[in-house]
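*Asks:* Would you mind keeping the following structure in view while I ask a few things?
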Amino acid sequence: MNSARQPIGVFDSGIGGLTVVKAIMENLPSESIVYFGDTARVPYGTKSKMTIVKFSLENVEFLLRFGVKCIVIACNTSSSWALPTLRKYFKVPIIGVIRPGAAAAVRQTKNKRVGVIGTNATIKSGAYDAAIQQLDPAIKVFTQSCPLFVPLVEEGWLGGDISRHVAQRYLQPLLRQRIDTLILGCTHYPLLASTIRQVMGPGVALVDSARQTAHEVRGVLVGADTISDSRRKPRYRFFVTDEPTQFNRIGHQFLGQAIGTVERVNGY
Ligand code: DGL
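In this note's numbering, the protein residues as written are 599 to 866.
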């Protein structure tokens, strides 16, 4: 098979990875995508490293059945804990969201004070801190987990008083640290960007890992000479491990367009 025609595999703990799919669709409109959302076992952000790595290995195995030419780990939590293990076990190129987000923040910051927000597991992993410091050891990194952001987004409460109060509570400590750049280190957070921007003010640039990751995917495909022909019409397939109802209901908010058919996979 011509590898340029093979799809890109994307996995996430659930629905949030559609923000990364959206960015890939915008950046690489001829690429077909197979998406795997592990909705039966979400959230990953509250789980241990061992569990996150185990689930991630299984997710890659699922995507490999489709002959994918590369795999994107849309989930920040999974990228934080599982990427090195996945790269050790599988030959297919695997792209996580941490390094692209970290690199964008390093390019962005002027005062070398960067904030990172994410799930408990992502923040505990120290993955963003390590990636930033590897690129520029002079940068000071301030981190904050925001566990209530994921349920707020899934409830569709993207603006309004409650979301703003929660954001204020989480983000005040970062404001005090005078950061000028903030990494939205979770699939769901781009949907809260305008609330987060209200709280942080215009002096803080928000870095969306999803968009940066799509650029990195392009780079990997160009490097491997497997980028799809621009005249090809792409095919998108979506798989989830639990009832697709919720995925269908709110997925379009993450994807920015209607999703179409969502297929259920059993055994997870
Ligand atoms: N996809 C996860 C992430 O980006 C958020 C949801 C979860 O906790 O599984 O970290």
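Glycine included, C-beta positions come from ideal geometry on N, C-alpha and C.
Using three-state DSSP, classify Y633 as helix, strand or coil.
*Replies:* Y633 falls in the strand class under three-state DSSP.
*Asks:* Answer yes if the stretch 792 to 805 comes into contact with the stretch 763 to 771, meaning at least three C-beta pairs across the two stretches below 8 Å, and no otherwise.
*Replies:* yes
*Asks:* Are the beta-carbon atoms of R685 and I693 separated by less than 8 Å?
*Replies:* no
*Asks:* Whose C-beta lies closer than 7 Å to the C-beta of F845 among residues of the same chain, with five residues either side of it excluded?
*Replies:* I613, G635, T637, V838, V860
*Asks:* Which runs of the beta strand (DSSP E), 3 residues or longer, sit entirely within the stretch 797 to 863?
*Replies:* Every beta strand (DSSP E) of 3 residues or more that sits fully in the stretch 797 to 863 is shown, in chain order, as 803 to 806, 834 to 838, 860 to 862.
*Asks:* Hey, is Y642 close to the ligand DGL, as in C-beta under 7 Å from one of its heavy atoms?
*Replies:* yes
*Asks:* Could you check whether the Cβ of H850 sits closer than 7 Å to any heavy atom belonging to the ligand DGL?
*Replies:* Incorrect: H850 has no Cβ contact closer than 7 Å to the ligand DGL.
*Asks:* If you draw a straight line from the C-alpha of E814 to the C-alpha of E841, how long is it?
*Replies:* 32 Å
*Asks:* Which first and last residues belong to the alpha helix (DSSP H) in which S628 is found?
*Replies:* Taken as a continuous stretch (DSSP letters only), S628 belongs to no alpha helix (DSSP H), as it is neither H nor E.
*Asks:* Is K708 helix, strand or coil by DSSP?
*Replies:* coil
*Asks:* Looking only at its chain, what residues have a beta carbon closer than 6 Å to the beta carbon of K738, apart from the 5 residues adjacent to it on each side?
*Replies:* Excluding sequence neighbours, K738 sits near R711.
*Asks:* Could you check how far apart the C-beta atoms of T779 and A703 are, in whole angstroms? I think they sit under 8 Å.
*Replies:* 5 Å
*Asks:* Would you check if the distance between the CB atom of T675 and the CB atom of G643 is smaller than 8 Å?
*Replies:* yes
*Asks:* Using the C-alpha atoms, what's the distance from V748 back to G716?
*Replies:* Approximately 10 Å, taken between the alpha carbons.
*Asks:* Determine, using beta carbons only, whether T720 and R762 come nearer to each other than 8 Å.
*Replies:* No. Outside cutoff.
*Asks:* For a quick check, are the C-beta atoms of D806 and S628 less than 8 Å apart?
*Replies:* no
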